Every structure is written in C-alpha cells, then in structure tokens.
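Residue numbers are given in our numbering: position 251 of the sequence shown equals residue 1038, and the series is strictly consecutive. Please read the structure below before turning to the comments.
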Amino acid sequence: MKEILKKVKEQVTIENLLYAFIIISPILDMASFIFRNIFNTSISPSTFIRPIIPICIITYIFFKDKIKLKLIMVSSIYAIYAVVHLIIFNILKTESSYSGIVHELQYLVNYTFMILNLFIYLYTFKKHNTKKLQASVLISITIYIVSIFISIITKTSSSTYIEKMGYKGWFESGNSISAILILSMFILLNIVKEKKYRYWVIAIIILVGIYLTTLIGTRVGLFGFILTLFLYAAVEIFVAILHKAQLNKNILIGSVIAIIAIVVVVGVVGSTTLQRRKHLENIEGNIIDKTNNTMSHISGSLLEIKEKIDKNELADGYMSEESKKSILDLYNFANKHNVVNNDMRTQQLVYNFYLVKNQANPLYMLFGNGYMTNYRELVLEMEIPAFLFNFGVIGFTLYFVPMLLIACYSIYIGFKNRKEVDTEYIMLILGLLFSFALAFLSGYTFFNMSTTTIIIVICTLLMLKSKEIKG
C-alpha cells in the first residue's frame, strides 16, 4: 500500500497537474455547454472544477516558496483595481446597460485567472522540457476535433450562428473554437517532423483543416487556417535561407498541396463561411434610414435609438447624456465613411472611442468606464480596444501588457540571436502575435479560458526557447 501511495505521490506533481489542465479543457467546455443548453442551468461543474488546479498550485507556491510578499503585493493591486472598477461600473450603469455587476465581475475574474495561469506556467516550467507540453496540446485538440465530428455525424451539433449556419459541436462559441484550433496549429506544426507524433499530427491537421475551412462558418477558421499553413511554409523557407541550409522540400510541398486542396474543396464543395458572408450582404439593404430615405449605416436597433434621441423620446435614466451624444457621433461617422450596417465591430469601436472622448473623465480613463455598462449592441467585442476603453489604462496594463511584453522580449531575443533562431521559435512568436490579432479583430479571445490556456502554452514555450537560444 505504501508503495502505491508513493508512486501516486510521485505522479502528482505541479507539472503533471498543468498537463492535465490542458487536456481536460475540451471536456470542461463540453460539460459547460451541456449543462447550460440541455439542463438550462446558469452554472455547470466546470465553473467550479476549472479554477481548482490553479488555486491549489498557487496556494502551494505561496506557502512553499519565498515569494509571499511579492504575491501579496501583486494580488492587492489586482484586487484594488477590481473594487474601483466595479464602483465606477455601479455609478455608470443605466437601464440600457447590457448586464449587471455580477457579469462585469465575471470578466474581471476570467482576465485575472488568465494572468494567474500565465504566472503559474512560467514559474513552473523554468527548464527547457517542452515535449509533454506539446503532447498535452495535441491530446487536447484531438478531443476537440473528434468530438466535433462525432456531434456532426450524430446530428447533435449546435449551430455556429442563429441563422442555423455552421457547426460548432458541443461548444458555446464558434469563434472561440476557431481560435483554439488555429492557435494550436502554431504548436502542432512544430512537432510534425517528429516520428513519434508525425502521423497523429498530420491526421489532426487534416481534420482541423476540413472543419475550419468548410464546416464551422467563421472567417477566423477559413482564412486563419490557410494563413497558418502559408506562414509555416514561408518560415521554413526563411529559416533555410537564414542558416544557409537545405530546404525541407517535403514540408514545403505538403503545405502548398494543402493550400491548393483547400481552395479546390472550398470552390467545389462550398464553405459555410462564404455562405454566411453572402447572407450578410443580402440583408444589408433591409434597414432604411428615414431621415434621408437611404440605406442605414448603423444597425436597426441603433437607428431606432438615434431617432428617439432626436425626438427626445428616450425615458429619463435609460441612457446617459454622454452615451446619447456618442450614438449621434457614431451615426455621423457611419454616414460619412459608409459603414456597413451589420458591421457591428466597427460601430462598437467608433462608439466606444467617442464615449471615452465625451466622458473626458481621468478616473474612467484609468480604471475603465465598465464593459457591461453599454447598450447590448455596443458592448465592444474587440478585446484589446476593450481593455483600453472599458477597463482603462490600468486594466490594459494589468491584463494585456504582460503578454505584450513576452512578445516584445521574444522578438528582441530572436533578432539579437538570429543565427540560433529556428522554425519553432518564429512560429511561436507568430502564434502569439496572431492571438493579439484575433483579440483585436474577432474578440472574446482572452476571456475564454480554454483559448487563453493555448496562448499561455505558447508564451511558456516561447520563454523556454528564448533561454535555449540565449544559451
């Protein structure tokens, strides 16, 4: 019995717990979807299970290692920021606000957990031992893609869009699944040359490619997958030239064939993404602006609010004066620049820019004016601007700057030691930069814990590779 307990104790290490955290992410995501959509509950077991591993590990680090004071100081900064931010949120909340303080708190908790997990992974993996991290991602993505195809085959998959277009399996968000799969490609392509994983990785990449380019229906999936393969081929060529080495023709030929095959399949079989784009184009002309009797350049709901503002028909307390002025500013900007009325991300970005300008409050600029204080269609999906506008300069610094610094540091080390740089290092940098692009253009990248888990693995691998390159 003692021998068994000893063996179990040897296996229960921080490293193994963090590997397990990566592997169980898709299972927790599916559990969350099933409980919310089948059992109609607002919470699921994953809500409680997911934080357990990070909390246990940080508690162990706190009592075991000599960094108690630093952890207390950093935790205090995040806690004070959260309290001030929520107080401001409570002040600015109106009847038109999309949600309440609990939902706002959820965003703060998720982003704080992202930084906590980043610290845990970087603190734990200080030596260059990346194989198990990469293998954990491979297992996790296998679970994701296999479960999605099972859901499609069994006709139990949920739809990506409300128009019943696209398949997203037993998961909440099509954009999040697209981001997880695409970002994982920047890790998986680095182990495709290894004999141990080669055929497994190739099989998964093929399944992911079929799914992202023809079935899910998101632009991130279709264009992201093609771009990732193109980048990989380009990086292979660049590294071969940099080191004056012979180019691996099999990799190059395989990437080119894959890209050509995707174009042919999309052209012949069709793509849900292109169907979705066509649908949006068809409904653009459905909204008429009665002010000038032309096609509206803002959404129907926003046009209705704008008309009520003009007629002074909005109820007192429904919306702040700064918000009303910002909607009028958005209306003028959209008409001047011919914004498409279903391009909500542009409308959200322009509105939030004007809102900060019209509020002109230094406290709001520092601590944020609240993410959920806005009208539902004006909640800023683009996360990096949201960090700055809705969570303030301090929120932007606390939640985004740590990963930005890792990217800048990795680029600096890579440039300084460019003769030591390999394909893996460049692909990891590109993967991290791609996550920033997703957060800016698509949104809900850093909010989703499973997506941030992949991003954190990329950051961890990058820091380990940086140490290796420095020597």
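The C-beta atom is built at its ideal place from N, Cα and C for all residues, glycine as well. Only a predicted model underlies this, so the values are computations on that prediction, with no experimental measurement involved.
For residue i, does the three-state DSSP call read helix, strand or coil?
i	result
I1070	Its pLDDT being 49, under 50, I1070 is placed unreliably by the model, and the measurement read from it follows with that caveat. In this structure, I1070 counts as coil in the three-state DSSP scheme.
S946	strand
M1106	coil
M817	helix
D1097	helix
T1078	coil
L1248	helix
Y1199	helix
Y1231	coil
E954	One point to set straight first is that residue 954 is Tyr, not Glu, in the sequence displayed. Residue state, collapsed to three classes: strand.
N761	With the chain covering 788 to 1258 only, the question about residue 761 has no answer from this structure.
Y885	coil
N803	helix
T1240	helix
S938	helix
S812	helix
S923	helix
S1253	helix
T929	helix
I907	helix
H890	helix
With a cut-off of 8 angstroms on the beta carbons, I'd call residue i and residue j a contact; round off their distance for me.
i	j	result
K1259	N1204	Because the chain is modelled from 788 through 1258, residue 1259 falls outside the range shown and cannot be assessed.
N1003	T929	The residue you asked about is not Asn; residue 1003 is Ile in the sequence shown. No, I1003 and T929 are not in contact; Cβ-Cβ is about 17 angstroms, not under 8 angstroms.
C1246	L905	6 angstroms
M1169	G1230	5 angstroms
I845	I907	6 angstroms
G1182	E891	Between E891 and G1182 the Cβ distance is about 12 angstroms, and since that is not below 8 angstroms, they are no contact.
R1163	Y894	Not a contact, Cβ separation roughly 15 angstroms.
Q811	V1022	First, the amino acid is wrong: residue 811 is Ile here, not Gln. The Cβ separation is near 31 angstroms, so there is no contact.
W957	M817	5 angstroms
From the options, pick the residue whose C-alpha is nearest to that of residue i; which is it?
i	options	result
A1226	I1242, L1215 and M1214	I1242
K1234	I1171, S927 and T800	A small correction: the amino acid at residue 1234 is Phe; Lys does not occupy that position in the sequence shown. Closest option to F1234, Cα to Cα, is I1171.
V1026	R837, T1210 and T1238	T1210
V1166	K853, R837, S819 and G887	G887
A1102	S883, Y847 and G1201	S883
I1013	L1029, V995 and I1024	V995
L903	L920, I949, F822 and I839	I839
I821	I1028, T943, Y1141 and D852	T943
F876	I949, S927, F1178 and K1093	F1178
Y868	D1097, T899 and G1011	T899
L1215	Y865, K982, R837 and I978	I978
S1113	I1074, K1098, L1136 and N1099	L1136
Y1019	I974, I1074 and T1238	I974
L1142	G956, N1099, F850 and K1111	K1111
Please confirm if residue i has its CB atom under 8 angstroms from at least one CB of chain B.
i	result
I810	Any reference to chain B falls outside this structure, which holds one protein chain only.
Would you mind listing the alpha helix (DSSP H) stretches within the region 956-1037 that are 4+ residues and don't spill past its ends, in chain order? 961-975, 985-997 and 1006-1029
Count Cβ pairs between the region 961-973 and the region 904-916 that sit closer than 8 angstroms; are there 3 or more? By the C-beta criterion, the region 961-973 is judged not to be in contact with the region 904-916, since fewer than 3 inter-stretch pairs fall below 8 angstroms.
Contiguous alpha helix (DSSP H) assignments of at least 4 residues, all confined to the region 1123-1173: 1131-1146 and 1149-1154
Segment contact flag, the region 1076-1094 with the region 1124-1132, C-beta cutoff 8 angstroms, min 3 pairs: yes
If you scan the region 833-881 from start to end, which runs of the alpha helix (DSSP H) of 4 or more residues do you find wholly inside it? 839-851 and 855-879
Segment contact flag, the region 969-981 with the region 1214-1226, C-beta cutoff 8 angstroms, min 3 pairs: yes
Runs of 4 residues minimum, wholly inside the region 1202-1228: which ones carry the alpha helix (DSSP H) assignment? Positions of the alpha helix (DSSP H) runs, each at least 4 residues long and wholly inside the region 1202-1228, are given as 1210-1228 in order along the chain.
Three CB pairs or more closer than 8 angstroms across the region 1184-1198 and the region 1147-1166: no
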